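The working numbering puts the sequence shown at residues 408 to 585. Quick reminder that beta carbons are idealized off the backbone N, C-alpha and C, glycines included. None of the values given here were measured: they were computed from a predicted structure.
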Amino acid sequence: MALISEKENTVQQLEDIGRKMMIAARTAPKGKGKNTLEIILITDSEIDELAATLHKMGDETNTDFYHRDANNLEDSAAVLLIGTEIKTLGLNEICQLCGFENCAEKEKYPNTPCVFNTSDLNIAIGSAVSIAANHRVDNRIMFSLGKAALKRKIFKKDIKIAFGIPISATSKNPFFDR
Numbered sequence: 408m409a410l411i412s413e414k415e416n417t418v419q420q421l422e423d424i425g426r427k428m429m430i431a432a433r434t435a436p437k438g439k440g441k442n443t444l445e446i447i448l449i450t451d452s453e454i455d456e457l458a459a460t461l462h463k464m465g466d467e468t469n470t471d472f473y474h475r476d477a478n479n480l481e482d483s484a485a486v487l488l489i490g491t492e493i494k495t496l497g498l499n500e501i502c503q504l505c506g507f508e509n510c511a512e513k514e515k516y517p518n519t520p521c522v523f524n525t526s527d528l529n530i531a532i533g534s535a536v537s538i539a540a541n542h543r544v545d546n547r548i549m550f551s552l553g554k555a556a557l558k559r560k561i562f563k564k565d566i567k568i569a570f571g572i573p574i575s576a577t578s579k580n581p582f583f584d585r
């Protein structure tokens, strides 16, 4: 009989749960069924590099919460990154939720998101964290991790808006008393 340490098992299980979170995010409903998302799971040295970027952002902006989030990241075995491109869906005059008359008008402002891009991103995030919750895994949605991932150019697509979800399984939730 093999002996498996709790730590070894926890790391493997968290990575497996992270993969399940990726599937949940991918299969979440999307506006017109169009995919604008990129979903990445990072572990090990990639987590360390993302944490270092957050610490640097904290130093550069004199902002403590970047350091706090970096410390939380360092206590995580896996991190799910989810980001969206900014692309209109071609709904034109029947939508106008972005505030423009139609998609062509919105396209004149390429950094203004189509409302469906951010809605799809948030629905995917909700689906992902529901998997973490179902497996009793501590997690927290953090925009700071998304900013750091964008700064590091982790995404392959032209992702403009991103969030990160670190996951952990310890005696005390590291994301609770912050």
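Residue burial classification, residue i (beta-carbon count within 10 angstroms, cutoff 16)
i: THR495; result: buried
i: ASN546; result: buried
i: ILE411; result: exposed
i: ILE501; result: exposed
i: ALA435; result: buried
i: ALA576; result: buried
Rounded C-alpha distance that separates residue i from residue j
i: VAL486; j: ILE446; result: 11 Å
i: LEU461; j: PHE550; result: 11 Å
i: THR417; j: GLU512; result: 50 Å
i: PRO520; j: LYS567; result: 9 Å
i: ALA569; j: ASN529; result: 10 Å
i: GLY670; j: THR491; result: Shown here, the chain extends from 408 to 585; a query on residue 670 therefore has no answer.
i: LEU444; j: MET408; result: 43 Å
i: LYS564; j: ARG433; result: 15 Å
i: VAL536; j: TYR516; result: 32 Å
i: ASN499; j: ILE493; result: 15 Å
i: GLN420; j: ILE574; result: 11 Å
i: PHE583; j: ASN469; result: 23 Å
i: GLU453; j: ARG475; result: 18 Å
i: ASP466; j: TYR473; result: 9 Å
i: LEU557; j: GLY533; result: 21 Å
i: LEU488; j: ALA555; result: 10 Å
i: ALA540; j: GLU415; result: 21 Å
i: GLY497; j: GLY440; result: 12 Å
Given residue i as reference, the closest of the options once Cα atoms are compared
i: LYS463; options: ALA539, GLY490 and ARG559; result: ARG559
i: SER578; options: ALA556, GLU413 and LYS515; result: GLU413
i: MET429; options: GLY571, ASN580 and ALA556; result: GLY571
i: LEU504; options: SER526, ALA555 and ALA431; result: SER526
i: LEU457; options: ILE532, GLU508, ASN479 and PRO436; result: ASN479
i: ASN580; options: ASP482, GLY425 and PHE523; result: ASP482
i: ASP451; options: ALA484, ASN509, GLY425 and ALA435; result: ALA484
i: VAL544; options: ASP423, GLU415, GLY438 and LEU410; result: ASP423
i: ILE538; options: ASN469, GLU415, THR468 and ARG426; result: ARG426
i: ILE449; options: ILE561, THR470, ILE532 and GLY440; result: ILE561
i: ASN524; options: GLY438, GLU415 and GLY497; result: GLY438
i: ASP455; options: GLU508, LYS441, ALA477 and GLY440; result: ALA477
Residue i - partner residues in DSSP beta bridges
i: GLY571; result: LEU488 and MET549
Any non-hydrogen atom of the ligand FAD within 7 Å of residue i CB
i: LYS579; result: Questions concerning the ligand FAD fall outside what the structure shown contains, since it holds no ligand whatsoever.
| said: List, from N- to C-terminal side, the beta strand (DSSP E) runs of 3 residues or more that fit wholly inside the region 427-506. | reply: Whole beta strand (DSSP E) segments, 3+ residues: 444-450 and 485-491.
| Ordered list of alpha helix (DSSP H) runs contained in the region 511-563, each at least 4 residues | As far as the region 511-563 is concerned, its whole alpha helix (DSSP H) runs of at least 4 residues are 522-541 and 550-559.
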